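Numbering (our numbering), first residue to last: 364 to 1005.
Beneath this line is the structure, given in structure tokens, with notes to follow.
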Amino acid sequence: MKIKKLRIENFRSFIDQEFELNRYSCFVGPNGAGKSTVLCALNVFFKEQDSSATDTSKLCDEDFFARQTDKPIRITVTFDDLSDEAKTALGDYVRQNELVVTAEAIYDESSGLGNVRHFGQRLGMAELRPFFEAIKGNAKADELSGIYTKLQETFTDLPAARSKDAKADALRQYESEHPDKCVLIPSEDNFYGINSTGKLGPFVQWVYVPAVKDAGQEGQEAKNTAFGKLIARTVRSRTNFDDELNSLKQETLTKYKELLDKNRAGLDAISESLQKRLESWAHPNVRIGMEWLSDPSKSVQVAQPVAGIKTGDGDFLGSLARMGHGLQRSYLLALLQELASSDAPNAPTLILACEEPELYQHPPQARHLADVFVTLAQGNNQVLVTTHSPLFVSGDGFENVRLVRTPARNRGSLISSLTFETLCARIRTALGEDPSRKLEGLIAKIHQALRPHVAEMFFTRVPILVEGLEDASYITTTLHLSGQWAEFRRLGCHIIPVNGKDKLIQPLAIAKELGIPAFVVFDADGDTVRPEHRVKHERDNKALINLLGSAAAPFPAATVLGDDHAIWQTNLTLTVDADFGVECSAYKEAARVHYAQEGGLEKHDLYIADWLSAAHADGKTSNTLADLCTAILKYATNEVAA
């Protein structure tokens, strides 16, 4: 049993978003986009109090989007992959092999709070609802038969059915065969028991690990801690005390009862003495007696053993609280690895939510942790991660990425994702290839293209995609020299070099598919002479122009400066050199001298910054670079204000 789909309405940064979840889902996006809010919403749904910063059972006005308390907060979770046991236990709410449950909070002006209540929803036909409502109301057989007969008049293909159960089964089967006619029907009953002690407890276990957690408090297996819940699945999957503890408890109960019986004579003596004294104070017929009132089942408690953790270095072992943050976080990694290899049979599905797992981890460890999450999700587990690290975004697992962004103020957070099929079809179409070709080769290229520095595009509001470091140096230097760098950063722009024009195609296609507002800068290389090279440039140019939706020619006769792109007729270096004329060589030579005539400096950022700064000091600037930076800032401004 796992979460298939989540819908968040009027909660914090979300107005109304519905999105699907995989066995492993990685939420990425700029700061403040709403990544953590997704997990907070699930904390409300699962009544997670211990690891939550706020009360999840009573929501205040700040939990409502833009304090719009006239609309309820709703968090609707759709579960699928239900086991037969879950279908039986939750049968009243299961339809078409799915379970839909909603947590709702309606704001009360008098208390200033919205109490969270849960109710089940089922996919069904509203026209059939009167029959099921009549069953819940204990209607008699004649009344049910009358309702069913009327339904047969409307739905002529409903089969004949004699008993109450047969009629109900026939209607459920009819609903499953006509999903297009079904809508979500809320139950009038409160769906009690979201947490471990209730209806969902035997089938799912929610564990939330916040970004900032005192691991010292997690050193012991307390049932209300995140690590305690994880330890319960690892330690107890290999050590079962239940039978022996029950035997010990029964043995102790027997001895406890024998102890009470053994001391019964003492109570009888006290009763007899009190009886005589009471007769003298009241009347001869008064009676009094004494007995042991303790409940043996409550007096004798045998708890499960508690597992603790000690860690250290070399011969030293101590409490986890006295170790460094990196080692504390590594404890989580080790625990998850063990959990991935030792899942207990018939255990409820672990739904693990982890915020910023990369904290206190070196890049190799963070990358390894990302792999551990993927492995963990292949078992009886579901993993949800929010991260600021591009190491958790890879090409081969890109379908697991959920991009969270806020396209404009007061418009709410949006969540988008894509599939390899849709992405590859877009790329194939842009390249003029058959969209139905096999995906494997293109997926490999996407994986190669999404190296960590390119994956940074998912963590910025407006990525500026350029061919290489040389382009990034020209733009960065010009922004600094013109005093526009602060505005560039304020608008959420970030320059991403992809290491070649042909490497721009995949990131740009991803940006278009996910709705990321990207500005693209590339060379048309119109001065290329060799036919085989010119053919390749033409192919890449056409693909990029198609993805941009531009009307530019593959080899434009002049620079093309569009709303979201810049195409240089030849290349950026030659275009900038032409702006400075004959003086360009002198500035470049002075920069070479400054760096001791070291070879291969032409594309290095310090060299470019040196000679552009010298020219700027002499009052010389590049109109090409100035226009480019103006276009980038204008595009970003429009996107932020959209």
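Cβ atoms here follow ideal geometry from the backbone N, Cα and C, with glycine treated the same way.
Remember, it's a predicted structure, so these values are computed and weren't measured experimentally.
Assign residue i to one of two classes, buried (16 or more other C-beta atoms within 10 Å of its C-beta) or exposed (fewer than that).
i, result
"Asn460", "exposed"
"Asn743", "buried"
"Thr560", "Only weak support exists for where Thr560 lies, its pLDDT of 48 falling under 50; the value from the coordinates is given anyway. It is exposed - the Cβ of Thr560 has fewer than 16 other Cβ atoms within 10 Å."
"Val407", "buried"
"Ala954", "buried"
"Ser985", "buried"
"Val892", "exposed"
"Val945", "exposed"
"Asp532", "exposed"
"Pro894", "exposed"
"Tyr958", "exposed"
"Gly846", "exposed"
"Gly477", "buried"
"His725", "exposed"
"Ile633", "exposed"
"Ser636", "exposed"
"Lys951", "buried"
Any idea what DSSP makes of residue i, helix, strand or coil?
i, result
"Val817", "helix"
"Leu739", "helix"
"Val546", "strand"
"Phe377", "strand"
"Trp974", "helix"
"Phe442", "strand"
"Asp990", "helix"
"Phe494", "helix"
"Cys423", "coil"
"Ile651", "coil"
"Ala929", "strand"
"His967", "coil"
"Gln459", "coil"
"Glu719", "coil"
Suppose you measure from the CA of residue i to the CA of residue j; what does that come to, to the nearest Å?
i, j, result
"Phe604", "Val665", "11 Å"
"Ala887", "Glu965", "20 Å"
"Gly758", "Val956", "43 Å"
"Pro815", "Pro753", "5 Å"
"His928", "Val1003", "17 Å"
"Leu794", "Val898", "13 Å"
"Val567", "Asp426", "26 Å"
"Ser976", "Asp865", "31 Å"
"Lys612", "Thr738", "39 Å"
"Gln583", "Leu722", "Summary for Gln583: the model assigns pLDDT 47, below 50, so the residue's position carries little reliability; its value from the coordinates is reported in the next sentence. Each residue's Cα considered, the two are about 22 Å apart."
"Leu547", "Pro870", "38 Å"
"Asp631", "Leu623", "12 Å"
"Thr936", "Thr823", "27 Å"
"Val746", "Arg375", "23 Å"
"Ile378", "Asn773", "9 Å"
"Ile438", "Gly775", "15 Å"
"Phe821", "Ser415", "27 Å"
"Tyr456", "Pro542", "16 Å"
"Arg650", "Leu616", "31 Å"
"Ala906", "Ala920", "18 Å"
"Ser780", "Lys527", "45 Å"
"Ala733", "Glu411", "25 Å"
"Gly579", "Lys592", "Per-residue confidence for Gly579 stands at a pLDDT of 49, beneath the threshold of 50, marking its modelled position as unreliable; no derived number is given."
"Lys450", "Glu490", "24 Å"
"Arg535", "Ala504", "18 Å"
"Lys545", "Arg492", "Residue identity differs from the one stated: residue 545 is Cys in this sequence, not Lys. The straight-line gap from Cα to Cα measures roughly 11 Å."
"Phe736", "Phe755", "10 Å"
"Leu641", "Glu621", "30 Å"
"Ile879", "Ile995", "15 Å"
"Leu563", "Arg800", "44 Å"
"Thr840", "Pro798", "41 Å"
Report the option in the options whose CA atom is closest to the CA atom of residue i.
i, options, result
"Ile806", "Leu786, Gly629 and Pro860", "Leu786"
"Asp413", "Val570, Asp606, Ala502 and Asp505", "Val570"
"Asn373", "Ser976, Gly397 and Ala788", "Gly397"
"Gly855", "Glu830, Lys864, Glu819 and Phe885", "Glu819"
"Ser399", "Leu828, Arg765, Asp903 and Cys947", "Arg765"
"Asn709", "Cys403, Glu448 and Asn394", "Glu448"
"Ala345", "Asp903, Arg791 and Leu910", "Nothing can be reported for residue 345: it is not among the residues displayed for the chain, which extend from 364 to 1005."
"Lys362", "Phe783, Glu654 and His646", "No answer is possible for residue 362: the residues shown for the chain start at 364 and end at 1005."
"Leu445", "Lys365, Arg789, Glu961 and Val464", "Lys365"
Which residues does DSSP pair with residue i in a beta bridge?
i, result
"Asp471", "Leu476"
"Ala466", "Ile438 and His481"
"Ser1023", "Residue 1023 is absent from the structure shown; the chain starts at 364 and stops at 1005."
"Arg772", "According to DSSP, which records beta bridges pairwise, Arg772 is partnered with nothing at all."
"Gln745", "Ile714"
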